[in-house]
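Peer 1: Mind having a look at this structure? Questions to follow.
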Amino acid sequence: MYTYQVSDMSCGKCAEKITKAFDGVSQVNEVKINVESKEVCIDSSASTSEIIEVIKSAGYSPVEL
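Number 60 in the numbering used here belongs to position 60 of the sequence shown; there are no gaps in the numbering.
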(Lines of atoms letter the chains of each structure in order from A and count residues from 1; the text may use other names and numbers.)
(Lines give C-alpha, C1' and ligand atoms only; values in the text may rest on other atoms or scores of the structure.)
Protein backbone atom coordinates (compact mmCIF):
# COMPACT_ATOMS: atom_id res chain seq x y z
CA MET A 1 0.00 0.00 0.00
CA TYR A 2 1.38 3.38 -1.03
CA THR A 3 0.21 6.70 0.42
CA TYR A 4 0.59 10.09 -1.25
CA GLN A 5 -0.16 13.64 -0.16
CA VAL A 6 -1.97 15.47 -2.95
CA SER A 7 -2.20 19.04 -1.67
CA ASP A 8 -3.88 20.38 -4.82
CA MET A 9 -6.82 17.94 -4.48
CA SER A 10 -9.72 19.89 -2.98
CA CYS A 11 -13.05 18.20 -3.69
CA GLY A 12 -14.94 15.07 -4.59
CA LYS A 13 -14.57 15.79 -8.31
CA CYS A 14 -10.79 15.85 -7.84
CA ALA A 15 -10.98 12.46 -6.13
CA GLU A 16 -13.13 11.10 -8.99
CA LYS A 17 -10.63 12.33 -11.55
CA ILE A 18 -7.72 10.62 -9.77
CA THR A 19 -9.70 7.40 -9.32
CA LYS A 20 -10.63 7.33 -13.02
CA ALA A 21 -6.99 7.84 -13.97
CA PHE A 22 -6.25 4.46 -12.37
CA ASP A 23 -9.06 2.65 -14.25
CA GLY A 24 -6.74 1.44 -17.00
CA VAL A 25 -3.87 0.40 -14.72
CA SER A 26 -4.02 -3.39 -14.32
CA GLN A 27 -1.57 -3.50 -11.39
CA VAL A 28 -3.85 -1.40 -9.15
CA ASN A 29 -6.12 -3.36 -6.81
CA GLU A 30 -7.67 -0.51 -4.82
CA VAL A 31 -7.67 3.29 -4.64
CA LYS A 32 -8.75 5.01 -1.40
CA ILE A 33 -8.97 8.79 -1.26
CA ASN A 34 -9.50 11.07 1.72
CA VAL A 35 -10.24 14.57 0.42
CA GLU A 36 -10.12 16.16 3.90
CA SER A 37 -6.59 14.94 4.62
CA LYS A 38 -5.66 15.21 0.91
CA GLU A 39 -4.31 11.64 0.93
CA VAL A 40 -4.46 9.00 -1.78
CA CYS A 41 -3.78 5.38 -0.78
CA ILE A 42 -3.05 2.88 -3.52
CA ASP A 43 -2.91 -0.91 -3.19
CA SER A 44 -0.79 -1.84 -6.17
CA SER A 45 2.12 -3.85 -7.45
CA ALA A 46 3.09 -0.93 -9.72
CA SER A 47 6.20 1.07 -8.88
CA THR A 48 6.02 4.36 -7.02
CA SER A 49 7.15 6.23 -10.13
CA GLU A 50 4.34 4.65 -12.18
CA ILE A 51 1.74 5.61 -9.58
CA ILE A 52 3.07 9.17 -9.38
CA GLU A 53 2.86 9.48 -13.18
CA VAL A 54 -0.78 8.35 -13.17
CA ILE A 55 -1.70 10.94 -10.52
CA LYS A 56 0.24 13.61 -12.44
CA SER A 57 -1.60 12.63 -15.65
CA ALA A 58 -4.84 13.49 -13.84
CA GLY A 59 -3.43 16.99 -13.24
CA TYR A 60 -2.27 16.71 -9.62
CA SER A 61 1.04 16.89 -7.75
CA PRO A 62 1.57 13.87 -5.48
CA VAL A 63 4.23 13.54 -2.78
CA GLU A 64 4.92 10.09 -1.34
CA LEU A 65 4.44 9.82 2.42
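Virtual Cβ for every residue (Gly too), placed ideally from N, Cα, C.
Quick caveat, the model's predicted, so the values are computed rather than measured.
(1) Taking contact to mean 3 or more Cβ pairs, one atom from each stretch, closer than 8 Å, check whether the segment 12 to 22 and the segment 46 to 59 are in contact.
(2) Considering only their Cβ atoms, is the gap separating Tyr2 from Glu53 smaller than 8 Å?
(3) Would you kindly work out how many angstroms separate the C-alpha atoms of Val6 and Asp43, rounded to a whole number?
(4) For Thr48, collect the residues of the same chain with a Cβ closer than 7 Å to its Cβ; drop the 5 residues on either side in sequence, then sort them by chain order.
(5) Measure from the alpha carbon of Ile51 to the alpha carbon of each residue in Met9, Glu36 and Ser26, then state which is nearest.
(6) Counting only the same chain and skipping the five closest in sequence on each side, list residues whose C-beta sits under 6 Å from that of Glu30.
Peer 2: Reading it off the structure:
(1) By the Cβ criterion, the segment 12 to 22 is in contact with the segment 46 to 59, since at least three pairs of Cβ atoms, one from each stretch, lie closer than 8 Å.
(2) No, the pair does not count as a contact, with Cβ atoms beyond the cut-off.
(3) In a straight line, the C-alpha of Val6 is about 16 Å away from that of Asp43.
(4) Counting only Cβ-Cβ distances below 7 Å, and skipping sequence neighbours, we find Tyr2 and Glu64.
(5) Among Met9, Glu36 and Ser26, the Cα nearest to that of Ile51 is on Ser26.
(6) Taken in chain order, the residues that qualify are Asp43.
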